[in-house]
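Chains as they are written, first to last, in the numbering used here: chain V, 1 to 465; chain G, 1001 to 1465.
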């Protein structure tokens, strides 16, 4: 009997995790696996690109976890610089195009894994597709940007959008000695944080010597006669000269091919999948930045482009493709980033998200230290909690602080995941020794204060009633 | 109506937390609060003493969170240098003795809070009560030890017992330039860790230039004609010369006074309390190092002397004494310490504890990095998990690594607290960005490996069946 055929579109986190897991469970006599990758690298860390640009990471090679050759040694037929340009769901074939010679060929499949990732959001306004406007998503984008920066032609950079990637790239450019401005429509950068925490981010960015233009939209990119970007125009008429414009508006799922083929999308615009990572088309699977996930608190479907989810989802798809059983349990919006020496992290719902999801809640913020206050190297940490009124269920948490602050978000993420109330969080047996935390860990102090806020609210209601 | 009278014995973490919480809820017209403290300080960090000795903390004052004067400003009648020498449960009085003038007086109470803490374990063998043999538990012990070290008379130190405090004190003495030897009966130090993790601790201690004598007991302390310690003798006849001997065998609950009065102890030797911190005697409460707590996994009662529990339990007692309702939910054995730059942490059950508690389990250990492997400053981390066979329930976790490793134990503690299986842990939405973790956080990699171990065990059983 001929081996079954699995075709994987996309050779980064989700695609290669799926391929590798499927191979672990089924040998090449049983399952033939072909992977198409448009770029020059497989299994690389897209999240590491800003650090490569900024110089903290020395070379592209360090960002690559596994090369095509390593995957091939594992019996995966990896075809590089090959783009899938068409999927025929009824014929169960894909059309692959070699980017080397431009030739197309047809590849049949029994199962298809769609793992095309995401593309940077690009405003439809004038000039945003000009030369000198960069979105950074795949490894080749990073190489292109570094080439541009190395050319010596760039002195001024405008980053449009102050999300995670925008700020990481702004810092990288600043480290390279450039004049950097970040433009963001919100009043505080990284809109997934509440403004009180976002305020810390704004200060950290400004302390780096980066100019922030907040509460204003970039309206167009001005180009010279050669069609190259020379300035960004913003609302109200200001003009920011720049030899380089970087898109930092976030990403959207790369679903054009799926849409054309008729693979159904969800309400969020990502590919709709069930918890085993099956799309709504028999035999077609998907994972990574291009799919939508279920938020466990709001119930909403959303696209979260993050390497950690891509790896997990790819693993789940691969186990299922390999004949096993695995599910992806959804997300709760955990994220972390660093701006200079400021660490910020979040999990669960922000105030705005909690409000949209229909929750009534209280908040509590506390300032403490990462180690015992008297211990050398103790750094400031602020923990903010959002708890449901009456039940006290922890809905969200945000942290801002210095070294050693942000990773505490994982404790709170685990608490939210389990539906813990703030009174229960307060009882948690967390580790304590002076080099690691005050005798009340900041997480516990915050839980105590949130508990008091829940209690006070119930009392106020009782009095009012 | 006269105010009710609360008498608190012991003015550190548990006692002062209880007094402060009770005061927050009941004014002095309603509740009169008298606190007796034997020493010279209230509300200090006993856990910080080794760092004061080693010089990382500059002065005693930095270890004091709140002075007697600050407590008095809060309407607490704090009586320093006053030891309670007797409790009459039927008369509801205590006998207090001023350590200044030696005079005794009787103090009546309606409610009694017993918060006497712990005392260092001291072998009954010859010489362990000699001059020059130090146990370090209260702040005054630290001051005494520093005086001794400052005298210049000490060159060689033997620490008997390689538990947390023993090692912290050994390191502090080494930092002061002394010749330090640690003697411990176990094959690896800090017996609450499994030997494979304890091995890392032994290496870190030895790298500091501290001599470890493992698997051998100290049998006696040799004294000179003045009765001062001059050497420690160990099994097999070896003699370790030392001008100073430090007890590092851990602590036992300070229950002599309670026992004499007839306050019942539990099976572990600590005072038996319910989850509201009530003893078995009406009107008598207790909290902190002197009580026993329930281990949530093994169900066993045990004494865990740790400032974080003392504070929480004191708070719970104080809320209840203040007319509120609060409970202490028990412990799961979380602990963390640092030896030079090695960080080690544990939570839940060790292999030996899991075995004693009757669990059948598998283990999984993984080596990873604290940040993305390519990110500057990424440090090694080993995570070991213990999971119940068949159910996959996470029973215990241990971590050893360098900077940024140990605090991850809190995520695992929260997972254990909630009874999560390793497959569920694997699904957790933990924070990821290259400066904070690899794309698979070490906690998740360990969960994945533990899951595979559980799965393999079930398969092996099925084949055998």
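All C-beta atoms, glycine included, are put in the ideal place defined by N, C-alpha and C. Quick caveat: nothing in here was measured; it's all calculated off a predicted structure.
Same chain, Cβ closer than 8 Å to residue i, neighbours up to 5 away in sequence not counted
i                       : result
residue 99 of chain V   : 38, 81, 82 and 83
residue 1196 of chain G : 1365 and 1384
residue 1190 of chain G : 1162, 1163, 1164, 1167, 1198, 1201, 1337 and 1344
residue 1220 of chain G : 1125, 1126, 1127, 1128, 1232 and 1233
residue 1226 of chain G : 1131
residue 1301 of chain G : 1266, 1267, 1268, 1270, 1272, 1292, 1293, 1294 and 1295
residue 222 of chain V  : 127, 229, 230, 231, 232, 233 and 239
Cutoff 7 Å; reference residue i; Cβ partners in own chain excluding five residues on either side
i                       : result
residue 1086 of chain G : 1094 and 1095
residue 1074 of chain G : 1020 and 1023
residue 187 of chain V  : 195, 214 and 215
residue 1272 of chain G : 1264, 1265, 1266, 1279, 1280 and 1292
residue 420 of chain V  : 394
residue 317 of chain V  : 18, 113, 277, 285 and 287
residue 1458 of chain G : 1390
Proximity to residue i [Cα-Cα], best of the options
i                       : options                           : result
residue 33 of chain V   : V/79, V/66 and V/58               : V/79
residue 429 of chain V  : G/1366, G/1334 and G/1397         : G/1334
residue 268 of chain V  : V/156, V/289, V/22 and V/262      : V/289
residue 1424 of chain G : G/1449, G/1432, G/1405 and G/1401 : G/1449
residue 313 of chain V  : V/225, V/214, V/97 and V/274      : V/274
residue 1141 of chain G : G/1183, G/1048 and G/1105         : G/1048
residue 55 of chain V   : V/148, V/442, V/176 and V/101     : V/176
residue 979 of chain G  : G/1270, G/1251, G/1250 and G/1249 : No answer is possible for residue 979 of chain G: the residues shown for chain G start at 1001 and end at 1465.
residue 1171 of chain G : G/1207, G/1068 and G/1139         : G/1207
residue 91 of chain V   : V/76, V/103, V/104 and V/111      : V/111
residue 1156 of chain G : G/1115, G/1137 and G/1240         : G/1240
residue 181 of chain V  : V/237, V/245, V/144 and V/355     : V/245
residue 42 of chain V   : V/50, V/10 and V/58               : V/10
residue 1327 of chain G : G/1340, G/1311 and G/1355         : G/1311
Cβ of residue i within 8 Å of any chain V Cβ
i                       : result
residue 1338 of chain G : yes
residue 1285 of chain G : no
residue 1308 of chain G : yes
residue 1445 of chain G : no
residue 1048 of chain G : yes
residue 1311 of chain G : yes
residue 1392 of chain G : no
residue 1407 of chain G : yes
residue 1223 of chain G : no
Neighbour flag for residue i against chain B, beta carbons, 8 Å
i                      : result
residue 413 of chain V : Annotation note: the requested chain B is absent from the structure, which comprises protein chains V and G.
One or two residues paired with residue i in a DSSP bridge
i                       : result
residue 1361 of chain G : G/1388
residue 971 of chain G  : Only positions 1001 to 1465 of chain G appear in the structure, and residue 971 of chain G is not among them; the question remains open.
residue 1421 of chain G : G/1393
residue 1223 of chain G : G/1229
residue 239 of chain V  : V/233
residue 343 of chain V  : V/338 and V/401
residue 1107 of chain G : G/1094
residue 114 of chain V  : V/9 and V/286
residue 218 of chain V  : V/234
Cutoff 8 Å: residue i Cβ touching any chain G Cβ
i                      : result
residue 118 of chain V : no
residue 418 of chain V : yes
residue 214 of chain V : no
residue 434 of chain V : yes
residue 298 of chain V : no
residue 67 of chain V  : no
residue 136 of chain V : no
residue 56 of chain V  : yes
residue 388 of chain V : no
residue 289 of chain V : no
Same chain, Cβ closer than 6 Å to residue i, five either side skipped, listed in chain order
i                       : result
residue 1510 of chain G : The shown model of chain G, from 1001 to 1465, leaves out residue 1510 of chain G, and the question about it has no answer.
residue 391 of chain V  : none
residue 1360 of chain G : 1389
residue 405 of chain V  : 343, 370, 381 and 399
Any chance you could list the alpha helix (DSSP H) runs of at least 4 consecutive residues sitting entirely within the segment 282 to 332 of chain V, in chain order? Listed in chain order, they are 307 to 321.
What are the complete alpha helix (DSSP H) segments, minimum 4 residues, inside the segment 1028 to 1066 of chain G? 1049 to 1054
Taking the runs of the beta strand (DSSP E) that are 3 residues or longer, which of them lie wholly in the segment 68 to 104 of chain V? 77 to 79, 82 to 88 and 93 to 98
What are the uninterrupted segments assigned as beta strand (DSSP E) that are 3 or more residues long and contained completely in the segment 151 to 184 of chain V, given in chain order? The qualifying runs are 156 to 160 and 179 to 184.
Complete runs of the alpha helix (DSSP H) confined to the segment 258 to 285 of chain V [at least 4 residues]: none
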